[in-house]
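Undergrad:
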Amino acid sequence: MKDSILGFGAMRLPQIDAANPASINMDEFKQMVDYYMEQGFDYFDTSYAYHGERSENALKKALVERYPRDSFRIADKIPTWLLTCEDDNEKYVNMMLERLGIEYFDVLLIHNVNKAFINLVEEFKTFDYLKKLKEKGIAKKIGFSYHDKADLLEEILEKYSDIIDVVQLQLNYMDWADQRVQSKKCHDLCVKYGIEIIVMEPIKGGTLVNIADSVKEQFKEYSDKSIAEWALRFAGSQENVSVVLSGMGSVEQMKENCETFQNFEKITKEDHRFLMKMAREIKKTLAIDCSYCGYCVKECEENIPIPDLFNLYNSEKLYSLVANFANYTTITTDKAPASACTQCRSCIDICTQQLDIPELLIDVAELFE
Ligand code: SF4
Ligand code: SF4
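The working numbering applies: residue 4 is where the sequence shown begins, and numbers increase by one.
1. Which full runs of the beta strand (DSSP E) of 3+ residues lie inside the region 52–122, going along the chain?
2. Is P361 near ligand 1, going by C-beta to nearest heavy atom under 7 Å?
3. Taking only runs of the beta strand (DSSP E) that begin and end inside the region 232–285, which ones reach a length of at least 3 residues, in chain order?
4. Mind checking D45: buried by the 16 CB within 10 Å criterion, or exposed?
5. P308 and I291 - do their beta-carbons sit closer together than 8 Å?
6. Pull the bridge partners of V48 from the DSSP assignment, please.
7. Under a three-way DSSP split, which group does Y149 fall into?
8. What residue range does the alpha helix (DSSP H) around V194 cover?
9. Straight-line CA distance for L85 to V124?
10. I360 lies in the beta strand (DSSP E); which residues open and close that run?
11. Just to confirm, are L321 and A215 a CB contact at a threshold of 8 Å?
12. Does the pairing of the region 221–232 with the region 188–203 give three or more beta-carbon distances under 8 Å?
13. Around the C-beta of G146, are 16 or more other C-beta atoms found within 10 angstroms, so that it is buried, or is it exposed?
14. Please state the DSSP three-state secondary structure of E31.
15. Ends of the beta strand (DSSP E) at I200?
16. Cα-Cα, which of I351, D352 and D337 is closest to A22?
17. For the pair the region 219–226 and the region 186–195, tell me if three or more CB-CB distances fall below 8 Å.
18. Going by other Cβ atoms of all chains shown within 10 Å of its Cβ, with 16 needed for buried, is E59 buried or exposed?
19. Where does G239 land, buried or exposed, given buried means 16+ other C-beta within 10 angstroms?
20. How about Q346: is its Cβ closer than 7 Å to a heavy atom in ligand 2?
21. So, helix, strand or coil for A142, using DSSP?
22. Could you compute how far the alpha carbon of G55 sits from the alpha carbon of L62?
23. Just to confirm my understanding: we take K269, look at its own chain, exclude 5 residues before and 5 after, and list those with CB closer than 6 Å. What are they?
24. Which runs of the alpha helix (DSSP H) fall wholly inside the region 210–235 and span at least 4 residues, in chain order?
25. Taking Cβ positions, are P340 and E372 nearer each other than 8 Å?
The structure is reproduced here in structure tokens:
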């Protein structure tokens, strides 16, 4: 397999209003698309759900309407958790094609497959539906994005590896040996079944750059490469990985990431050992292992900005800043505070990190309220 490339994840795009995911800053997004294309990359990843369901349409305007269809690839994802019957597969796929303004997907994925949602996928025969789309040429490659442990992945691959092409996996050096996320075990299973891997969360939603100063120092001592570069190189160096997605939010971030992949250097065994050590160090400093994907927010009827509160909690545990308390008040003024959690547990199944969100919100409320 060729070296991996940088993929443009359209899930953390620049926003005009930081509190409104649907307010994508189209001017900046277009600049990012232009820069990314100029650098010779071509892979865009979106989903029905990203940016309050506006990501696909933003991609249509910034990319599809401005570049020839054969100059880029688009991966999109069916919203598994919204499926209520077999016909919904087609309903959502048609909506996705229309929102993007395209006739076919380069990659079509079932979004966020895990123990909670696999039953929906099976009941509504989504894999069979994808297979038919591939036969018709509406999807060039098919697969699923995965957020669970290796045992379920093995069951799915055992059953469907002959029809699927790709798995989108959460893979980064912090989760590589983690018992909850099991990145390495999941990666190895994909290799065993000959499945192409698209990496998501190589920087774990920013967690692997917003690290404690003591850990930053150790990176500096080890080399002059940036901390983000290490995370991307780790992901891109693994077997069967064809694309490493980065949810870039600014032109600056994009420039740095493009450079990493233009001069891509695989990590050495020594680098690998160093990064495993850094993973252990970061874990010691991190209170809540949230990837800030935001999926839980949609599930919460109380309108609690869960990832923002977890981010503040982590920052407070690391740095003890007065500003964190002021930010807590700002964030929860229009939305709800952690103490508004009714412990309904509706958000549990969708959490990509399998966190006990309501339990953790009790800790957040105790700290800030
Ligand atoms: S358990 Fe709490 S955070 Fe989760 S959906 Fe219910 S109210 Fe929202
Ligand atoms: S709590 Fe879970 S679902 Fe919510 S943002 Fe964090 S990782 Fe994502």
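Where a beta carbon is used, it is the ideal one built from N, C-alpha and C, also for glycine.
TA: Taking the structure as given:
1. 76–81 and 108–116
2. Taking the sequence shown and counting its residues from 1, the one referred to as residue 361 is at position 358. The answer is yes for P361.
3. 244–249
4. Here residue 45 corresponds to residue number 42 of the sequence shown, with the count starting at 1. D45 comes out buried.
5. As a position in the sequence shown, residue 291 is number 288, starting the count at 1. As a position in the sequence shown, residue 308 is number 305, starting the count at 1. Going by C-beta atoms, I291 is not nearer than 8 Å to P308.
6. Working through the sequence shown from its first residue, we reach residue 48 at position 45. Here residue 48 is Asp; the residue named in the question, Val, does not match the sequence. Bridge partners of D48: G12 and A78.
7. Looking up residue 149 in the sequence shown gives position 146. Strand at Y149.
8. In the sequence shown, counting from the first residue as 1, residue 194 sits at position 191. V194 -> alpha helix (DSSP H) spans S186 to K195.
9. Counted from its first residue, the sequence shown places residue 85 at position 82. Counted from its first residue, the sequence shown places residue 124 at position 121. Each residue's alpha carbon lies about 11 Å from the other.
10. Start at 1 with the first residue of the sequence shown, and residue 360 comes out as number 357. Not the beta strand (DSSP E): I360 falls in the alpha helix (DSSP H), residues I360 to F371.
11. As a position in the sequence shown, residue 321 is number 318, starting the count at 1. As a position in the sequence shown, residue 215 is number 212, starting the count at 1. In this structure, A215 lies closer than 8 Å to L321 by Cβ.
12. no
13. The count along the sequence shown starts at 1 and reaches residue 146 at position 143. Counting Cβ neighbours within 10 Å, G146 comes out buried, since at least 16 surround it.
14. Here residue 31 refers to the residue found at position 28 when the sequence shown is read from its first residue. It is helical.
15. In the sequence shown, the residue the question calls residue 200 occupies position 197. Looking at the DSSP string, the run of the beta strand (DSSP E) that includes I200 is E199 to M203.
16. For the purposes of this step, residue 22 is taken as the residue at position 19 of the sequence shown. For A22, the nearest C-alpha among the options comes from D337.
17. no
18. As a position in the sequence shown, residue 59 is number 56, starting the count at 1. Flag for E59 reads buried.
19. Within the sequence shown, residue 239 is the residue found at index 236, counting from 1. G239 should be labelled buried.
20. One-based indexing of the sequence shown puts residue 346 at position 343. It does not: the Cβ of Q346 is nowhere closer than 7 Å to a heavy atom of ligand 2.
21. Numbered from 1 along the sequence shown, position 139 holds the residue referred to as residue 142. Three-state DSSP puts A142 in a strand.
22. Within the sequence shown, numbered from 1, the residue matching residue 55 stands at position 52. Within the sequence shown, numbered from 1, the residue matching residue 62 stands at position 59. Near 14 Å, if we compare the C-alpha coordinates of L62 and G55.
23. As a first step, residue 269 must be located in the sequence shown, where it is residue number 266. Cβ neighbours of K269 beyond the five flanking positions: S240.
24. 216–225
25. Mapped onto the sequence shown, residue 340 falls at position 337. Mapped onto the sequence shown, residue 372 falls at position 369. Result yes, Cβ atoms of P340 and E372 sit closer than 8 Å.
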